[in-house]
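Undergrad:
Number of protein chains: 2
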Amino acid sequence: MTETASRPTLEAVAARAGVSRATVSRVVNGGEGVRETLVERVRRAVEELGYVPNQAARSLVTRRHDAVAVVIAEPETRVFADPFFALQLRGISKELTVHDSQLVLLLTEGREDYARVGRYLAGGHVDGALVFSLHLDDPLPGLIHGAGVPTVFGGRPGWSDGMRVNGPTVYVDSDNRGGAREAVRHLVGLGHTRIAHITGPLDQTCAVDRLDGFRDVMVDADPRLIVGSDFTPVGGERAMRELLERCPELDAVFAANDLSASGALRVLRERGRRVPEDVAVVGFDDMLPVAEQTDPPLTTVRQDIEEMGRLMARLLLRGLEQRGRDEQGSVGGAPSSVVLPTTLVRRASA
Amino acid sequence: MTETASRPTLEAVAARAGVSRATVSRVVNGGEGVRETLVERVRRAVEELGYVPNQAARSLVTRRHDAVAVVIAEPETRVFADPFFALQLRGISKELTVHDSQLVLLLTEGREDYARVGRYLAGGHVDGALVFSLHLDDPLPGLIHGAGVPTVFGGRPGWSDGMRVNGPTVYVDSDNRGGAREAVRHLVGLGHTRIAHITGPLDQTCAVDRLDGFRDVMVDADPRLIVGSDFTPVGGERAMRELLERCPELDAVFAANDLSASGALRVLRERGRRVPEDVAVVGFDDMLPVAEQTDPPLTTVRQDIEEMGRLMARLLLRGLEQRGRDEQGSVGGAPSSVVLPTTLVRRASA
DNA sequence: TTGAAAGCGCTAACAC
DNA sequence: GTGTTAGCGCTTTCAA
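Chain order of the listed sequences is H and C.
Numbering follows the numbering used here, in which position 65 of the first sequence is assigned residue number 54; successive positions increment by one, without gaps.
Numbering follows the numbering used here, in which position 340 of the second sequence is assigned residue number 329; successive positions increment by one, without gaps.
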């Protein structure tokens, strides 16, 4: 532990430099319209005293915080077994850094945490929020709306467009449906006909969209070939066993993400089915540490997760700027949602 | 994006409840020493107006922030290919939540970011800092010290004890050396004699400690059996190839972490060496998604990473409380470093 | 028990 | 250009 020395204030710097507080403030905030010699003098005083502005005081008057909350609402353990969030965080962090904004991470581990998050958001700590992993029945959007904080969502939220209470909902998403279609078409192109799908949790839109994409191609798929799962390796194993039991003759599997695909691969190996000769497998995400590590390496649908994070931050910050420019009811130029393309990455599994 | 309504202030609540600001403040902060009827009246006004305290204003006077910075200084991409940090974060987040404190994440992607972090820490945004992944030549400790922020380190920092400028350095670490010893002894117990070691980056103390543990047991190890690496799967592959070239007759490998062990396993399989029959492999970390997923599943040294995170937060908060109690130069009761035990987890690879 | 009043450190009009 | 002044919203003595 280190000591907390009491820090010098603007006042002290002003005294030392022999100018007024206002002048110091001007210099500290860019130095526009201050004589060069004074700027110099103030800079020196700042340096000598080791002055750093007190943000609480600054925020109190400017009402800006240069901080953005990232809310990750994922009760399950999964969040952290999955590089997904980490990658998004990284993209966000990079973009925020460029704009000199800080990242405040709010993780919720259960319903009890929601009140805390709501309080925090409403407490005027941050300029905006980035929100992930919404489930259909999530109370979070309500809280956020109540807190009145500008928000960009990661992944299309599940509610209908009616929710445009104050301005449209802004989100960044991948083309989950299109990506899924491409994956399944690839399997079809390889000559497979009995293609199964291991879904993600269907209370999240990305899982639903991937299922829809699967159905787009396999228009009259045998319902026994679709089995629900949860994006985890263990869930993937379970689903694969179920599938093998229901339809031993299946010849391909499209898993809703790489993690569940890895579980499926394990079961296939265990059961002596060769991949891709007996059963071809395609995943989704292109999570490198997973997809490249499986045996055989996984053919999968790539989405640029880091870019999604970066984009979310960019949209949010742009929106904040907008709002700053025209203080009331900004109409034109408000940012709108973005859907990023996906690409199929061919490896050995299909 | 959502609208930012201007929030009601203490003043407004006071007016509505027909009391003074001071009374409202008391009620909001617990309500000690206020007549029950008034408490009730104020609570109702708060409710009706949807009042939430402005934290900037509060911090300005209390000098507390109920926020802790987590600094992750890892220039390489590795940070996020590795569940390690995510797990620590999770432990930290849980503990902070209990104490109603917020987590502010500061990621540094390169030297340029350091100044920003220093500024932030010094800016009085947070009550303390939790710092990870220090490399030997890291400028971060200096910055932190300059910022005068109470800090707990994750992993023993590399500097000598002399650095106790203001109070001893507090850290939380695993018993890396002991764990390594146990791993190697296990291999010895299995009858292996030509045991190799794939190290981590030796500018981090955990990697050095694991190497030391290896040497403790293999007192006069053939230097060709020790090869440097970097904690990544690819690094592990490279190291394994190198080892196989230098010493084709090796019969066991202790890798400094699971990720590099997974790379080593892949190379061994590729070269047709059976694991564990021809070459036994032990990792370190017991990162479940890695260790259980490898083929064969990895025998490894488990460290409770989430617990480390939790403990770091706990030590920091305890220190802050201490400091709150006795405002000057707290002597007794200051928290001190903790080293957590490790355990060997036997799976199939050794 | 409650209220009045004095700031916390800073910015932003507004004068000079 | 530079200084003066009035708050931002809250907590916290100090009196009543």
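For each residue, glycine too, the CB sits at the ideal point set by N, CA and C.
Model, not experiment: these values are computed from the prediction.
What residues of chain H sit near E98 of chain C, judged by a beta carbon separation below 8 angstroms?
TA: Result: S82, K83 and T86.
Undergrad: From the DSSP secondary-structure annotation, give me the bridge partner or partners of Y40 of chain H.
TA: According to DSSP, Y40 of chain H bridges with nothing at all.
Undergrad: Taking 8 angstroms as the cut-off, does the region 114 to 129 of chain C touch the region 275 to 284 of chain C (at least 3 CB pairs, one atom from each stretch)?
TA: Verdict: no, contact absent.
Undergrad: Any idea what DSSP makes of R403 of chain C, helix, strand or coil?
TA: Outside the shown range of chain C (-10 to 339) lies residue 403 of chain C, about which nothing can therefore be said.
Undergrad: Give the secondary structure of R291 of chain H by DSSP, where H, G and I count as helix, E and B as strand, and everything else as coil.
TA: R291 of chain H: strand per DSSP, three-state reduction.
Undergrad: I'd like the ranges of any beta strand (DSSP E) spanning at least 3 consecutive residues and lying wholly in the region 79 to 146 of chain H.
TA: With a minimum length of 3 residues, the continuous beta strand (DSSP E) runs that stay inside the region 79 to 146 of chain H are 91 to 97, 117 to 121 and 140 to 143.
Undergrad: Show which residues of chain C have a CB atom less than 8 angstroms away from the CB atom of L92 of chain H.
TA: V93, L94, L95 and L96, listed in chain order.
Undergrad: What does A111 of chain C reach in chain H if we use C-beta pairs closer than 7 angstroms?
TA: The answer, in chain order, is V41.
Undergrad: Applying the 10 Å Cβ sphere with the 16-neighbour rule, what's the burial state of E238 of chain H?
TA: When all chains shown are included, E238 of chain H counts as exposed.
Undergrad: With 8 angstroms as the threshold, decide whether the Cβ of D275 of chain C is near any Cβ in chain H.
TA: Chain H, which has no Cβ nearer than 8 angstroms to the Cβ of D275 of chain C, makes this no.
Undergrad: Could you compute how far the alpha carbon of A210 of chain H sits from the alpha carbon of G261 of chain H?
TA: One C-alpha to the other measures close to 25 angstroms.
Undergrad: Cβ closer than 7 angstroms: which chain C residues qualify as neighbours of S364 of chain H?
TA: Examination of residue 364 of chain H is not possible in this model, given that chain H is present from -10 through 339 alone.
Undergrad: Would you mind reading off the limits of the alpha helix (DSSP H) that contains G272 of chain H?
TA: It is not in any alpha helix (DSSP H) - G272 of chain H instead sits in the beta strand (DSSP E) that spans A269 to D274.
Undergrad: For P42 of chain C, which residues in the same chain have their Cβ closer than 7 angstroms to its Cβ, ignoring the five residues on either side in sequence?
TA: Once the five neighbours on either side are set aside, the close Cβ partners of P42 of chain C are V17.
Undergrad: For S251 of chain H, go through chain C and note every residue whose CB falls closer than 8 angstroms to its CB, in chain order.
TA: Those within 8 angstroms of S251 of chain H in chain C are Q282.
Undergrad: Which residues in chain H sit within 9 angstroms of D162 of chain C, going by Cβ to Cβ distance?
TA: In chain order: nothing, as chain H lies at least about 16 angstroms away.
Undergrad: Taking DSSP as the reference, what is the three-state secondary structure of D162 of chain C?
TA: Looking at D162 of chain C - three-state DSSP - the assignment turns out to be strand.
Undergrad: Under 8 angstroms, CB to CB, which of the residues in the region 120 to 133 of chain C have a partner in chain H?
TA: From the region 120 to 133 of chain C, only I133 have a Cβ closer than 8 angstroms to chain H.
Undergrad: Using the Cα positions of T(-7) of chain C and P139 of chain H, report the straight-line distance between them to the nearest angstrom.
TA: Reliability fails at T(-7) of chain C, whose pLDDT of 48 lies under 50, so the model's placement of it is uncertain and the value that follows must be treated cautiously. C-alpha separation (whole angstroms): 7 angstroms.
Undergrad: By the criterion of Cβ-Cβ separation under 8 angstroms, what are the contact partners of R105 of chain C in chain H?
TA: Chain H residues near R105 of chain C: T86 and D89.
Undergrad: For the beta strand (DSSP E) that contains F243 of chain C, what are its first and last residues?
TA: Per DSSP, F243 of chain C belongs to the beta strand (DSSP E) from A241 to A244.
Undergrad: Looking at C-alpha atoms only, which residue of C:R105, C:A185, C:P324 and C:R263 is the closest neighbour of G272 of chain C?
TA: Taking only the C-alpha atoms, the option nearest G272 of chain C is C:A185.
Undergrad: Return the first residue and the last residue of the alpha helix (DSSP H) that L257 of chain H is part of.
TA: D247 to E259 is the extent of the alpha helix (DSSP H) around L257 of chain H.
Undergrad: Which of helix, strand or coil does DSSP assign to V194 of chain C?
TA: Note that residue 194 of chain C is Thr in the sequence shown, not Val. Helix.
Undergrad: Kindly list the residues whose CB is nearer than 7 angstroms to the CB of R255 of chain H, restricted to its own chain and excluding five residues on each side of it in sequence; keep chain order.
TA: E226.
Undergrad: If you run the structure through DSSP and keep just helix, strand and coil, what is V8 of chain C?
TA: Residue state, collapsed to three classes: coil.
Undergrad: Around the Cβ of P212 of chain H, are there at least 16 other Cβ atoms within 10 angstroms (buried) or fewer (exposed)?
TA: Exposed.
Undergrad: In chain order, what residues of the same chain have a beta carbon less than 6 angstroms from the beta carbon of A172 of chain H, not counting five sequence neighbours either side?
TA: Same-chain partners within the cutoff: F243, V271 and V290.
Undergrad: Since D102 of chain H meets chain C, which of its residues come closer than 7 angstroms, beta carbon to beta carbon?
TA: Correct list: T86.
Undergrad: In chain C, which residues lie less than 9 angstroms from P222 of chain H when you measure between Cβ atoms?
TA: Within chain C, the residues near P222 of chain H are P278, E281 and Q282.
Undergrad: Please confirm whether V115 of chain H and V57 of chain H have their CB atoms less than 8 angstroms apart.
TA: Contact: yes.
Undergrad: Identify, in the order they occur along the chain, each residue of the same chain with its Cβ nearer than 6 angstroms to the Cβ of A328 of chain C, setting aside the five sequence neighbours on each side.
TA: Before going further, note that residue 328 of chain C is Val rather than Ala in the sequence given. Result list for V328 of chain C: D162 and D164, in chain order.
Undergrad: Would you report the Cα separation of L132 of chain C and V177 of chain H, rounded to the nearest angstrom?
TA: For L132 of chain C and V177 of chain H, the distance between alpha carbons rounds to 58 angstroms.
Undergrad: At the level of alpha carbons, what is the spacing between L233 of chain H and D267 of chain H?
TA: Their backbone Cα atoms lie some 12 angstroms apart in a straight line.
Undergrad: Is the CB-CB distance between A45 of chain H and L94 of chain C below 8 angstroms?
TA: The answer is no: Cβ separation not under 8 angstroms.
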